[in-house]
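Quick notes on the structure that follows.
2 protein chains.
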Amino acid sequence: MTFRVHVRVMPRAGLLDPQGQAVEHALGSLGFAGTQQVRIGRAIELELDAATADDAAGRARQMCDRLLANPVTEDYELEVEAR
Amino acid sequence: MTFRVHVRVMPRAGLLDPQGQAVEHALGSLGFAGTQQVRIGRAIELELDAATADDAAGRARQMCDRLLANPVTEDYELEVEAR
């Protein structure tokens with residue numbers, strides 16, 4: 101069965117996020133007042149074959165640990181949906 | 101009221117995504133067989149003050165149209181949650 105996995109990799113809370121700060125500043129300059137806590141990470145989508153959704157989530161978690169996320173500076177979240 | 105907005109900005113379907121292709125190839129080299137359709141975009145989180153969730157979503161959509169996403173090459177999705 102094929103599953104579609106959405107991964108969100110974000111800079112860990114408390115770590116500086118210069119890209120997010122730059123965007124927050126730019127939004128203020130464009131007139132979007134009251135925007136705070138802007139943080140920018142990566143959104144990754146992929147499809148994989150697995151027997152169950154749990155199996156797909158487990159493999160996707162391995163991919164994050166080994167390649168997709170930096171375990172020192174980033175956190176990730178997964179969503180798995182059947183296709 | 102403060103709302104937290106999660107934005108996912110992805111390369112439009114059909115457009116080449118070299119970063120996604122590189123990751124797909126790297127996953128294969130690491131032994132994750134059967135991974136396909138890897139696409140890489142940006143995950144953006146921000147907080148904003150608004151009267152209602154619909155109002156927050158509308159403003160976040162304006163931010164995407166004006167700054168956060170490239171309307172020619174990217175699509176975006178929003179999720180709004182109350183804090």
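Quick note, the sequences are listed as chains X and Y, same order.
Under the numbering used here, the residues of the first sequence are numbered 101 to 183, in order.
Under the numbering used here, the residues of the second sequence are numbered 101 to 183, in order.
Think of the CB as a built atom: it goes at the ideal place given N, C-alpha and C, for glycine as much as any other residue.
Source: prediction; values computed, not measured.
Residues that Leu146/Y contacts on chain X, provided the C-beta gap is smaller than 9 Å: Scanning chain X for C-beta atoms nearer than 9 Å to the C-beta of Leu146/Y yields Gly120, Val123, Glu124, Leu127, Thr135, Gln136, Gln137, Val138 and Arg139, reported in chain order.
Can you tell me which of Arg161/Y, Pro118/Y, Ile144/Y and Leu130/Y puts its alpha carbon nearest to the alpha carbon of Arg117/X? A small correction: the amino acid at residue 117/X is Asp; Arg does not occupy that position in the sequence shown. It is Ile144/Y whose Cα lies nearest to the Cα of Asp117/X.
Considering only the beta carbon of each residue, do Gly120/X and Ile140/X sit closer than 9 Å? It is a contact, given that the beta carbons lie within the stated cut-off.
Taking all protein chains shown into account, decide if Thr102/Y is buried (16 or more other Cβ within 10 angstroms of its Cβ) or exposed. Exposed is the call here.
Would Asp175/X count as contacting chain Y if we go by Cβ distances under 9 Å? Taking Cβ atoms only, chain Y never reaches closer than 9 Å to Asp175/X, which makes this a no.
Comparing alpha-carbon positions, which option in Arg104/Y, Glu181/Y, Cys164/Y and His125/Y lies nearest Met110/Y? Checking every option, the nearest Cα to that of Met110/Y belongs to Cys164/Y.
Using DSSP with H/G/I as helix, E/B as strand and the rest coil, what is Asp149/Y? DSSP places Asp149/Y in strand when its eight states are reduced to three.
Which two residues bound the contiguous beta strand (DSSP E) that contains Ala182/X? In this chain, the beta strand (DSSP E) harbouring Ala182/X covers Glu174 to Ala182.
Same chain, Cβ closer than 6 Å to Glu181/X, neighbours up to 5 away in sequence not counted: Excluding sequence neighbours, Glu181/X sits near Arg104.
Reference Thr173/Y, options Phe132/Y, Val107/Y, Ala122/Y and Arg112/Y, closest by Cα: The residue with the shortest Cα to Cα distance from Thr173/Y is Arg112/Y.
Which residues in the same chain have their Cβ closer than 7 Å to the Cβ of Arg161/Y, if we skip the five residues on either side of it in sequence? Taken in chain order, the residues that qualify are Leu178.
Apart from the five residues just before and just after Val138/Y, which ones in its own chain have a Cβ nearer than 6 Å to its Cβ? Answer for Val138/Y: Gly120, Val123 and Glu124, listed in chain order.
For Asp155/Y, would you say it is in contact with chain X, using Cβ-to-Cβ distances shorter than 9 Å as the test? No, no contact with chain X.
Unbroken stretches of the beta strand (DSSP E), 3 residues or longer, contained in the segment 118-165 of chain Y: Taking only runs of at least 3 residues, the beta strand (DSSP E) segments lying wholly in the segment 118-165 of chain Y are 135-149.
Closest to Leu167/Y by C-alpha separation, out of Phe132/X, Arg108/X and Arg142/X, would be which residue? Ranked by how close their Cα comes to the Cα of Leu167/Y, the residues Phe132/X, Arg108/X and Arg142/X have Phe132/X in first place.
Name the chain X residues whose beta carbon is nearer than 8 Å to that of Arg112/Y? Ordered by position in chain X, no residue passes the 8 Å Cβ test against Arg112/Y, which lies about 13 Å from the chain.
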